[in-house]
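Structure first, commentary second.
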Amino acid sequence: MVLAAATNGIRLELGWVDYLMIIVYFAVVIGIGFTARKQVRTSMDFFLSGRSMPAWITGLAFVSANLGATEILGMAANGAQIGMATLHYYLIGAVPAMVFLGLVMMPFYYGSKVRSVPEFMLRRFGKAPHLVNAIAFAVSNVLIAGINLYAMAIVIEAMLGWPEWLAILVSAAFVLAYITLGGLSSAIYNEVMQFFVIIAGLVPLTIVGLHRVGGWGGLTEAIKQTQGVQHLQTWAGTGIGDVTNPIGANWLAIVLGLGFVLSFGYWTTNFTEVQRAFSAKNMSAARRTPLIAAIPKLFIPFIVVVPGLIAAAVVGNQFASGELTYNDAIPKLIQMYLPTGVLGIAVTGLLASFMAGMAANVSSFNTVFTYDIWQRYIKPNMPDLHYLKTGRWVTVVGVLVGIGTAFLAAQAGNIMTYMQTLFSFFNAPLFGVFILGLLWKRMTTQGALWGYVLGIVTPTITWIAYLVNPSLFSTATAETMYGAIISFVTVLVVGVLVSLATKPKDVSELGGLVYGVGRIDMSAGAVATDTAWYRSPALLGTVALVLCVALYLPFL
């Protein structure tokens, strides 16, 4: 049966037990939406859960919001295509930035009581950069929502044989239902449940897959024979002037492009993630949110990247021939290895991951559009109920636009590369503006605006140049890293030059918005248990960084 499955396309044969699991899961998801709706009385309840969530809830929601299509299908695709080099996205490409968010940036965000990342831009720089940021975030978010929606459609198409367009519409309907009902609380509670469902679905797949290829030893031997030993290494072939690694970038580009600009841009300024920390009940919980999330993040590769390696060893010929795309790695293994019952758990886990990812995009989109565009520039000074109703309607609009962008995502051979391209356009320049504005009080509104705008333009030009002449970069992944570096440098140069030629804000307006100016209350809303040693943000951050280094060592 496995051999037959390995030589055919993807079609999952689910039994009634599998369908029952999926139906129960969706019923619970909608039930959580109805339950959360009862707690929604104000716009703050809908968009930020009334800032009432404990750290362990927001921490799990933080990592679960990231476990969307890019994490499951995209990282497994990278595992199959470039091997253990994918670890960079989890280690240097995630954990240091998550620690930086918790220890350094969250005090600024939470202490200023802003409701979104673009609103922090407004406080620090004024209306023009704020409006550009809000629009750019809205555009990028619906594009990314389309990726998760497309990935969910892939699984439904494989399960039921439905055409892609119908699978996309059905997937969108479920996400729309529970976000419209309960807002961010519904999303967060579902994300916590989805985290455990995802783990329960992918752990059996990894264990069975390893067993079928003869354990870790059998897998490494198979990879060496079919892909080469470098597929099992992270830093090999990254020397400057001697690049032979599958990413196609040297160590400096990986460290600066992925490890610094793309990573810090995503984890510290992407409101889709940071919104979970904004919903925490106090400053301590908000700071601990990304630090708690960093621990499970470190171990996700064992249930995502390893299955990608297994797929490369077993069906690598189908990737090479074009019969399968790398995005098909996880669904193909599910088809080949899992029996009825376990199959239902795995499929439910996949569906849960895509719903978590899209829900995160939609809930942050409706917050930014309602607060930062609608309330700020279109309908200010309206009753709170107006913004609550607007948020629900904007959720509908966001999902509908996401349906359109899902068809764009369908054109991408590797959705992780597509995602990184979007990050180089939008997150990289935003991080440049934020880090310069946080550290340099002389940064002006005009410097932020033009640095940000040109920081979006330059990686876009770089990407277009690569499409016209692919020889410019070794791989599309390498292009995103160099594009991010170009964007960041553009922001720094333009931001400094324009700021030096224009008038800065008075220092009295920058309290709590710039490092060293004013005072941030680090104990805001503190409770007695926040002082326990094991809840220390510094300790949690140190543990995460030590584990990050330790997990690299076996795969150097």
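Position 45, counted from 1, in the sequence shown is what the numbering used here calls 45; the numbers after and before it change by one each time, with no gaps. Just so it is clear, CB atoms sit at the ideal spot from N, CA and C, and this is done for glycine as well.
Local Cβ density within 10 Å of residue i, reported as buried at 16 or more and exposed below that
i, result
"L44", "The amino acid occupying residue 44 in the given sequence is Met; Leu does not appear at that position. Under this definition M44 is a buried residue."
"V340", "Here residue 340 turns out to be Thr, not Val, going by the sequence shown. Exposed is the call here."
"W533", "exposed"
"V117", "buried"
"S523", "exposed"
"Q225", "exposed"
"T234", "buried"
"L176", "buried"
"E323", "exposed"
"C147", "Per the sequence shown, the amino acid found at residue 147 is Ile instead of Cys. When all chains shown are included, I147 counts as buried."
Bridge partners - residue i, DSSP secondary structure assignment
i, result
"T238", "V243"
"A280", "M53"
Reduced DSSP category for residue i - H, G, I as helix; E, B as strand; rest coil
i, result
"L3", "Below a pLDDT of 50, predicted positions are generally treated as unreliable, and L3, at 32, falls in that range; the measurement from the model is reported next regardless. Helix, per DSSP."
"A85", "helix"
"M53", "strand"
"A167", "helix"
"A501", "coil"
"D521", "coil"
"N8", "Note that N8 scores 45 on pLDDT, short of 50, meaning its location in the model is unreliable; the coordinates nonetheless yield the value given after this. Looking at N8 - three-state DSSP - the assignment turns out to be coil, as it is neither helix nor strand."
"Y326", "helix"
"L262", "helix"
"T475", "coil"
"Q335", "helix"
"N381", "coil"
"G209", "helix"
"N270", "coil"
"K297", "helix"
Euclidean distance between Cα positions of residue i and residue j
i, j, result
"A311", "H211", "13 Å"
"L20", "G68", "23 Å"
"F407", "W162", "15 Å"
"D384", "R115", "14 Å"
"Y178", "G512", "36 Å"
"G541", "R124", "27 Å"
"I92", "L258", "8 Å"
"V549", "V95", "10 Å"
"S185", "A236", "44 Å"
"Q275", "A222", "43 Å"
"F488", "D521", "31 Å"
"Q230", "G316", "16 Å"
"T421", "A145", "15 Å"
"I486", "T444", "21 Å"
Run of the alpha helix (DSSP H) containing residue i, from where it starts to where it stops
i, result
"S353", "V342 to T367"
"D45", "S43 to L48"
"N66", "Neither: N66 is in no alpha helix (DSSP H) and is coded neither H nor E."
"H386", "D384 to A409"
"D506", "No alpha helix (DSSP H) holds D506; DSSP gives it neither H nor E."
"N304", "Note that residue 304 corresponds to Val in the displayed sequence, not to Asn. Run containing V304: P301 to S321, per the alpha helix (DSSP H) assignment."
"G111", "M106 to G111"
"L467", "T445 to V468"
"A97", "V95 to F100"
"R535", "Unbroken run through R535: none, as it is neither H nor E."
"D18", "W16 to R37"
"K563", "A query on residue 563 cannot be resolved here, the shown segment of the chain reaching from 1 to 556 and no further."
"P118", "V117 to F125"
Residue i beta carbon near the ligand MG (any heavy atom closer than 7 Å)
i, result
"G398", "No copy of the ligand MG occurs in the structure displayed, which carries no ligand at all."
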